[in-house]
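Numbering (full-length UniProt numbering), first residue to last: 1 to 177. Data block below; observations after.
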C-alpha cells in the first residue's frame with residue numbers, strides 16, 4: 001500500500017533512530033498526499049510495545065474525530081515541534097470543556113492528558129508536526145472510543161463539525177482570526 005493510503009508509515013529500522021529535519025520533511029510530504037491529510041510516523045517497532053512514540057503530522061483540513069482511550073486506559077502526551085493546533089477536551093455529552101491554543105515554540109506547546117477524557121484537535125497551520133507518546137499496546141478494535149456525538153471521519157457531516165470546532169476556537173481566541 002502506498003504511503004498516500006496508509007494511516008502510518010513503517011517504523012525506521014535500528015536500535016537508535018535519529019529524529020531529523022529530513023525525516024520530518026519526509027513524513028510531512030506523506031501527510032500532504034494522504035487522503036486523510038495526516039499520517040503517523042511510529043518509532044516503536046511493534047504494536048505490542050508498552051510505550052508508543054511517534055510523529056503525528058496533520059494538515060489544517062484533516063478531521064480528527066473526538067475520542068478517548070478507555071480499554072485499556074491510556075495516558076497521552078503531545079509536544080508540538082512545528083505549527084499550531086486548537087486542542088479540545090469534551091464532556092461526555094459533547095460540550096467543550098477545554099479549548100487550548102498550542103503552538104510550537106509558544107508559551108503553550110503541548111499537553112499531558114489523563115486516560116478516559118474525550119479529546120480532539122484542529123491543525124491551525126499547514127504541516128503541523130506533533131511528537132506524541134502514548135501507552136501501548138495498540139489494538140485497532142479498542143484503541144479509541146469515538147464520541148457518538150461527533151460525526152465519523154469521511155462522512156458528509158464531518159467538514160461542518162470541523163468548522164464548528166474552528167469557530168469555537170476563534171470565539172475563545174479572537175486574536176487568532
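Ideal Cβ placement from N, Cα and C applies to all residues, glycine included.
Next on the checklist: Using CA atoms only, rank isn't needed, just tell me which of 88, 175, 169 and 56 is closest to residue 9.
Outcome noted: Working through the chain shown from its first residue, we reach residue 9 at position 9. Closest option to residue 9, Cα to Cα, is 56.
Checklist entry - So residue 171 is in the alpha helix (DSSP H); what residue range does that whole segment cover? => result For the purposes of this step, residue 171 is taken as residue 171 along the chain shown, with counting starting at 1. Per DSSP, residue 171 belongs to the alpha helix (DSSP H) from 158-172.
Item to check | Contact belief for residue 119 with residue 68 at Cβ below 8 Å, rounded distance in angstroms | outcome: As a working mapping, residue 119 is identified with position 119 in the chain shown. As a working mapping, residue 68 is identified with position 68 in the chain shown. Confirmed, Cβ separation roughly 7 Å.
Checklist entry - In this structure, what does DSSP give as the bridge partners for residue 80? => result One-based indexing of the chain shown puts residue 80 at position 80. Residue 80 is bridged to 130.
Item to check | 7 Å CB neighbourhood of residue 45 in its chain, flanking five on each side removed | outcome: Here residue 45 refers to the residue found at position 45 when the chain shown is read from its first residue. Excluding positions up to five away in sequence, the list reads 11.
Checklist entry - Do you know how far the Cα of residue 85 is from the Cα of residue 148? => result As a working mapping, residue 148 is identified with position 148 in the chain shown. As a working mapping, residue 85 is identified with position 85 in the chain shown. For residue 148 and residue 85, the distance between alpha carbons rounds to 23 Å.
Next on the checklist: Between residue 83 and residue 125, how many whole angstroms is the CB-CB distance? I'm expecting something under 8 Å.
Outcome noted: Numbered from 1 along the chain shown, position 83 holds the residue referred to as residue 83. Numbered from 1 along the chain shown, position 125 holds the residue referred to as residue 125. Right, their Cβ atoms sit about 4 Å apart.
Item to check | Which of helix, strand or coil DSSP assigns to residue 18 | outcome: If you number the chain shown from 1, residue 18 lands on position 18. Of the three classes helix, strand and coil, the one that applies to residue 18 here is coil, per DSSP.
Checklist entry - With distances taken from CA atoms, which of 34, 123, 108 and 151 is nearest residue 94? => result Within the chain shown, residue 94 is the residue found at index 94, counting from 1. Comparing Cα positions, the closest option is 151.
Next on the checklist: Nearest by alpha-carbon distance to residue 27: which of 91, 138 and 38 is it?
Outcome noted: The residue you call residue 27 lines up with position 27 of the chain shown. Taking only the C-alpha atoms, the option nearest residue 27 is 38.
Checklist entry - In this structure, does DSSP put residue 49 in helix, strand or coil? => result Locating residue 49 in the chain shown gives position 49, where the first residue counts as 1. Here residue 49 sits in coil by DSSP.
Next on the checklist: By alpha-carbon positions, which one of 136, 137, 138 and 121 ends up nearest to residue 164?
Outcome noted: Here residue 164 corresponds to residue number 164 of the chain shown, with the count starting at 1. For residue 164, the nearest C-alpha among the options comes from 121.
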